[in-house]
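In this note's numbering, the protein residues as written are 4 to 338.
Glycine residues also receive a C-beta, built at the ideal position from the N, C-alpha and C atoms.
Structure record follows, encoded as structure tokens.
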Ligand SMILES: [Zn+2]
């Protein structure tokens with residue numbers, strides 16, 4: 004089994020480097036964190052058979068690490084663990100926000116460009132959005148080789164869809180835009196040629212390049228279609244090195260997860276599971292979908308449940324909380 008280092012994508016490592024114990028757990032990958040939590044729980048409740056079953060899905064390397072990690076668990080204290088979970092939650096939420104802003108701008112810009120300059124829009128081979136200190140920008144580029152920019156749409160940071168500017172002067176890419184275009188194109192090639200990427204009927208895949216603090220990545224996410232559901236899953240993360248070479252392709256969910264938004268009766272909560280290779284925490288793509296399609300639902304909260312954790316995303320204040328299964332079960336018992 005291949006273990007995808009999901010935690011690295013969210014880069015919480017830097018912020019928790021000072022925590023001696025947890026450095027080892029966080030710097031490697033999420034699977035270790037699951038092991039920690041699972042080990043802690045199952046040792047406590049002697050539910051070893053489930054744990055053994057779970058361990059079978061973990062690579063031999065992880066099994067070797069298990070003994071070592073158990074030692075760390077014994078030294079572990081709850082406050083430290085909570086602090087780390089808080090940092091993980093904050094970094095996932097921030098990543099989700101960044102992804103959302105890009106998708107929001109791309110979506111609104113597409114509507115603006117198509118409705119006012121439909122003919123020119125037909126020449127477009129794609130688009131991407133990026134945020135600078137000044138504003139949020141979406142550009143549409145031509146289909147030919149050596150493409151040029153066909154239109155530039157700008158919003159201010161407040162993301163008010165009625166306040167925008169559109170410039171349809173054809174121009175060259177800026178240096179910054181060239182980088183975005185390059186990683187986006189490489190991601191498009193990978194999506195076509197690599198069997199890791201799945202296509203589902205009646206959906207399309209959006210490529211969302213993000214460059215921040217020198218880190219380059221492209222999220223590949225399934226676009227929403229039906230009005231009465233929110234599609235999660237069938238999403239991927241492609242990481243690039245500074246020279247725009249692909250260093251890693253990660254599948255973020257195992258499949259496509261359509262969550263019905265309900266009929267006449269208002270549904271207050273939704274949930275889905277993260278199993279196997281999927282991150283034990285909510286993903287930035289989950290948060291992006293929740294934020295983009297908030298208006299479609301009556302949800303107050305959405306849960307993501309994994310072996311070790313429960314992530315709860317609150318719609319009202321967009322707060323993310325990550326609890327260990329231990330904490331979660333205590334809360335449920337007291338209810
Ligand atoms: Zn998810």
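Query raised in the report: Based on the DSSP output, what are the partners of residue 122 in its beta bridges?
Result: Position 119 of the chain shown, counted from the start, is the residue given in the question as residue 122. Under DSSP, residue 122 takes part in no beta bridge, so it has no partner.
Query - Spatially closest choice to residue 250 from 190, 210, 320, 211, by CA coordinates - result: Numbered from 1 along the chain shown, position 247 holds the residue referred to as residue 250. Between residue 250 and the set 190, 210, 320, 211, the nearest pair of CA atoms involves 190.
Query raised in the report: Contact check, residue 152 vs residue 175 under 8 Å by CB: the rounded distance?
Result: The sequence position of residue 152 within the chain shown is 149, counting from 1. The sequence position of residue 175 within the chain shown is 172, counting from 1. The C-beta distance from residue 152 to residue 175 rounds to 7 Å, short enough to fall under 8 Å.
Requested in this report: Return yes when the C-beta of residue 307 is under 6 Å from any heavy atom of ligand 1, and no when it is not.
Outcome: Here residue 307 corresponds to residue number 304 of the chain shown, with the count starting at 1. Indeed, a heavy atom of ligand 1 lies less than 6 Å from the Cβ.
Requested in this report: Would you list the residues sitting across from residue 317 in a DSSP beta bridge?
Outcome: Here residue 317 refers to the residue found at position 314 when the chain shown is read from its first residue. According to DSSP, which records beta bridges pairwise, residue 317 is partnered with 304, 322.
Requested in this report: Could you tell me whether any non-hydrogen atom of ligand 1 is closer than 6 Å to the CB of residue 289?
Outcome: Indexing the chain shown from 1 puts residue 289 at position 286. The answer is yes for residue 289.
**Report entry** Pair within 7 Å by beta-carbon distance, residue 259 and residue 240
**Finding:** Here residue 259 refers to the residue found at position 256 of the chain shown. Here residue 240 refers to the residue found at position 237 of the chain shown. No, they are not a contact pair.
Requested in this report: Would you mind reading off the limits of the alpha helix (DSSP H) that contains residue 410?
Outcome: Shown here, the chain extends from 4 to 338; a query on residue 410 therefore has no answer.
Requested in this report: Return helix, strand or coil for residue 219, following the three-state DSSP convention.
Outcome: If you number the chain shown from 1, residue 219 lands on position 216. Residue 219: strand per DSSP, three-state reduction.
Query raised in the report: If you run the structure through DSSP and keep just helix, strand and coil, what is residue 103?
Result: Taking the chain shown and counting its residues from 1, the one referred to as residue 103 is at position 100. Residue 103 falls in the helix class under three-state DSSP.
Query - Beta-carbon proximity check, residue 132 vs residue 105, cutoff 7 Å - result: If you number the chain shown from 1, residue 132 lands on position 129. If you number the chain shown from 1, residue 105 lands on position 102. By the CB criterion at 7 Å, residue 132 and residue 105 fall inside the cutoff.
**Report entry** residue 242 (DSSP reduced to helix, strand or coil)
**Finding:** Indexing the chain shown from 1 puts residue 242 at position 239. DSSP, reduced to helix, strand and coil, places residue 242 within a strand of the structure shown.
Query raised in the report: Opposite residue 144 in the DSSP bridges: which residues?
Result: Within the chain shown, the letter at position 141 stands for residue 144. Answer is 129, 152, bridged to residue 144.
Query raised in the report: Nearest-angstrom Cα distance between residue 195 and residue 155?
Result: For the purposes of this step, residue 195 is identified with residue 192 of the chain shown, where counting begins at 1. For the purposes of this step, residue 155 is identified with residue 152 of the chain shown, where counting begins at 1. Approximately 27 Å, taken between the alpha carbons.
Query - Nearest residue (CA-CA) to residue 201, options 330, 257, 229 - result: Working through the chain shown from its first residue, we reach residue 201 at position 198. Here the closest residue by C-alpha is 257.
Query raised in the report: Among 179, 173, 172, 134, which residue has its Cα nearest to the Cα of residue 159?
Result: Indexing the chain shown from 1 puts residue 159 at position 156. Comparing Cα-Cα distances from residue 159 to each of 179, 173, 172, 134, the minimum goes to 134.
Requested in this report: With DSSP as the reference, label residue 207 as helix, strand or coil.
Outcome: In the chain shown, the residue the question calls residue 207 occupies position 204. Residue 207 sits in coil when the DSSP states are folded into three classes, being neither helix nor strand.
**Report entry** Proximity to residue 230 [Cα-Cα], best of 92, 137, 297, 108
**Finding:** Position 227 of the chain shown holds residue 230. Comparing C-alpha distances from residue 230 to each of 92, 137, 297, 108 shows the shortest one belongs to 297.
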